[in-house]
Amino acid sequence: MRLAQYLIIIPLAAAFVMLLARKRFKSSSDILAVAASLSLTVISFVIALSTASGKAVVNNVGNWPPKIGISLVADGLSSFMLVIANFITLVVSVYSIAYIKKYTDKWKYYSLLMLMAAGVNGVLATSDIFNLFIFMEIASIAVYALVAFGTEREAMEASFKYAVMSTVASSFILMGIAFLYSYTSTLNMADMAIVIASKGPSKVIAFVSVLFLMGFGLKAALVPFHAWLPDAYSSAPATIPAMSSGVLIKSLGVYVIIRIFFNVFGITQEVLNIFITLAVLSMLTGSIMAFGQSNIKRFFGYSSISQIGYIFLGLGIGTPMAIAGSLFHLFNHSAAKSLLFLNAGDIETNFKKTDLNKMSGAAVLARTPVCGYTNLAGMFSICGVPPFAGFWSKLIIILACIQARRPFVAFIAVFVSILTIAYYFRAMTPVLFGEKTGEAAIELKNKPSLTMNLAMIALSLICLFGGVLLLPNNIGNNLLNCARSAIENGCSGYAAILFGAAK
Amino acid sequence: MSVYVLCFILFSIGLYCVLRKRNLIKIIIGIGIMEYAVNLFFILIGYRFEGRSPIYAHDKVIKNMVDPLPQAVVLTSIVIGLSVTLMLIAVAMRIYERYKTFDITKINRLKG
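Chains as they are written, first to last, in our numbering: chain A, 3 to 505; chain B, -17 to 94.
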């Protein structure tokens, strides 16, 4: 199947055509962006169906065999991530139709958004480590520009900070790639895995691990490297943190770390311990810092850092159950946090306010019910209130911690989950339930729009019914199992998929 | 061996420049130095002493050729570096319009 290459061709073409077509039709960029992301979603679902039935998609670009050419591989993990990434891109581009009206130059926004989608899809599908670096940079450069899209003082400052930090991280990553190339004489990740496995443990791999943890850890906003995230999120248009939190830090950060450490280097106990340490730090720092925040997007940003900690905690425990929980939490957090950022954008559009302390008169639940109730759904999912999806993933991770005989870590996970409930309800209760009339009431300056509501409802349904993925014998569960087994099979599994399909 | 050490020193100079300098433009220059150091390192990996250029011809023996792959990789990485630098300079210019300064200690509206 040659389907995987369209994941990159379509958004790149859309980004280009949009700039040409903008003068003919005023809304051409809207239509193109939604059409492109819809087709991307359909393609990624088709790929996921093929993978879930046990047939990984390998696409040798230009018919060059793997090792010589670049192959796009969608194994379980990749197609799981592709479905999440492209679905969130679709939701965000539908949402943007109405949201981005307040900014000028809509087509530039959509064009950058599509470039970002191309970069993310490339990172998720490629099997060549330098190609991965290029796509990562494409996505990152698009995001630097998108963070600065508002061109206010804060936006420029945040964009500069993010760009400098991220570029330094990229230099570290490129240096790591150089070391790996000189050690293994190949850039293909599957081939690299075979060579590393045959050479045995060495100091080069340890050094490269450190470089990659720094580099990709910054992209994933793990705690010592998280400083860019709150700044960038608080000053960008609300759709950008939604995309970034739901798609970008998951694919450029978490996915690449999983791919390299589990499938290329082969996981060791030391690396798992580092994961757990970073995860615990992220969880605690994120949730403690979230208490003092007044800007709504910055508040959600810190919550994002804390939830990324949960994902890494599951990975660090490393048992099959913990990995499944961590992937499931990744899925839930993508849906819920994107939803919360879209809500923040809705509140910002409707009430013209972003300061949580000044929004006690908003009464979002009564006046813009769609935004209010979807916000509740997202919040419950993140906090882990039982019927919602987030509860099940956190439960699995905590149970896996106990099963792996790490009661201290399990205790911290429970403690942070309580903190999460505390800071969410402290911050959001006045906004959602405040006085509708009287002195404190804030004027409703905008009518909620249909497309924005539609996008939020779609995500809130996932937050509510996401737990279905855990029931046996449905497509979602098969995909989750495929993703988990792709991680568990380690180096040999990845190589077998790439070279097995080529024969 | 000494070329690799020099390359690392160049990288460290770039990193020092990014971490310690206060001027936005100097930070961007520091990033440029880091990128060049990494590119240089990549080229050094593929270099063979007394090697010849990697062009395949019928009458020549494939022996002691310079590795062509790092060269292709570095070309791409230079283009990426260029676009990142452009992006950074564009943002720095906008920052100067808004704040009337290049000093990062005075560009501090985002805290916490």
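Where is the CB? At the ideal position from N, CA and C, for every residue including glycine.
If you're wondering where the values come from, they're calculated on a predicted model, not measured in any experiment.
| Check | Outcome |
| --- | --- |
| How far does the beta strand (DSSP E) with N61/A in it extend, from its first residue to its last? | V59 to N62 |
| Can you find the residues in the same chain that come closer than 6 Å, C-beta to C-beta, to L148/A, ignoring five residues on each side of it along the sequence? | L114 and I242 |
| Ordered along the chain, which non-local residues of its own chain (more than five positions away) have a Cβ less than 8 Å from that of I10/B? | T67, L70, I71 and A74 |
| Going by DSSP in three states, G347/A sits in which element: helix, strand or coil? | helix |
| In terms of residue numbering, what span does the beta strand (DSSP E) encompassing G73/A cover? | Before going on, a small fix: residue 73/A reads as Ser here, not Gly. First-last of the beta strand (DSSP E) with S73/A: S73 to A76. |
| By the three-class DSSP mapping on this structure, what secondary structure does T128/A have? | strand |
| Could you run through the region 133 to 147 of chain A and flag, in chain order, every residue whose CB is less than 7 Å away from some CB of chain B? | I136, E139, I143, Y146 and A147 |
| Where are the alpha helix (DSSP H) runs, 4 residues long or more, that stay fully inside the region 422 to 488 of chain A, in chain order? | 452 to 467 |
| Taking DSSP as the reference, what is the three-state secondary structure of R155/A? | helix |
| Going by CA-CA distance only, name the one from D193/A, A402/A, Y312/A and G327/A that's closest to P67/A. | D193/A |
| In chain order, what residues of the same chain lie with their CB nearer than 6 Å to the CB of S95/A, ignoring the 5 residues before and after it? | A35, V36 and S39 |
| Give me the subset of the region 19 to 36 of chain B whose CB atoms are less than 7 Å from a CB atom of chain A, sorted by chain position. | V20, F23, F24 and I27 |
| Please confirm if V166/A has its CB atom under 8 Å from at least one CB of chain B. | yes |
| With 9 Å as the limit, tell me which residues of the region 203 to 218 of chain A have their beta carbon closer than that to any beta carbon of chain B; keep them in chain order. | none |
| Would L176/A count as contacting chain B if we go by Cβ distances under 8 Å? | yes |
| Along chain B, which residues have their Cβ under 7 Å away from the Cβ of E156/A? | R91 and L92 |
| Give the DSSP-derived three-state secondary structure of D32/A in the structure shown. | helix |
| Should F18/A be labelled buried (16 or more other beta-carbon atoms within 10 Å of its own) or exposed? | exposed |
| What residue does the alpha helix (DSSP H) around S65/B start on, and which one ends it? | P50 to Y81 |
| Should F89/A go down as buried or exposed, given a rule of 16 or more other Cβ atoms within 10 Å for buried? | buried |
| Comparing alpha-carbon positions, which option in N476/A, V433/A, L213/A and V256/A lies nearest G362/A? | One detail in the question is off: residue 362/A reads as Ser in this sequence, not Gly. The shortest C-alpha separation from S362/A is found at V433/A. |
| Is it the case that the Cβ atoms of A412/A and G316/A are separated by a distance below 8 Å? | no |
| Express the C-alpha separation of L224/A and I420/A in angstroms, rounding to a whole number. | 21 Å |
| Can you check which of these residues, F(-7)/B, V0/B and I27/B, is closest to M(-17)/B by C-alpha distance? | I27/B |
| Checking contacts by CB at 8 Å: is A160/A closer than that to chain B? | yes |
| Rounded to the nearest angstrom, what separates Y375/A and A15/A at their Cα positions? | 37 Å |
| Excluding the 5 residues preceding and the 5 following T356/A in the sequence, name in chain order all residues of the same chain whose CB lies nearer than 6 Å to its CB. | N297, I298 and E350 |
| Let me make sure I understand the geometry here. Which of V273/A, L92/A, I404/A and L182/A has the alpha-carbon closest to that of Y44/A? | Reading the sequence as shown, one finds Val at residue 44/A and not Tyr. Taking only the C-alpha atoms, the option nearest V44/A is L92/A. |
| How about the region 481 to 500 of chain A and the region 179 to 196 of chain A: do they share at least three Cβ pairs that are nearer than 8 Å? | yes |
| For M138/A, which residues of its own chain have a beta-carbon under 6 Å away from its beta-carbon, when the five flanking residues on both sides are left out? | V125 and L254 |
| Is there contact here, the region 274 to 294 of chain A with the region 382 to 395 of chain A, by at least three beta-carbon pairs under 8 Å? | no |
| L1/B to Q53/B, Cα distance in whole Å? | 29 Å |
| Residues bridged to D357/A by DSSP? | N297/A |
| Please name the residue in G178/A, I313/A and A424/A whose C-alpha comes closest to that of M291/A. | A424/A |
| Select from S29/A, I140/A and A76/A the residue whose C-alpha is nearest the C-alpha of L51/A. | A76/A |
| Do three or more CB pairs link the region 335 to 351 of chain A to the region 258 to 274 of chain A at distances below 8 Å? | no |
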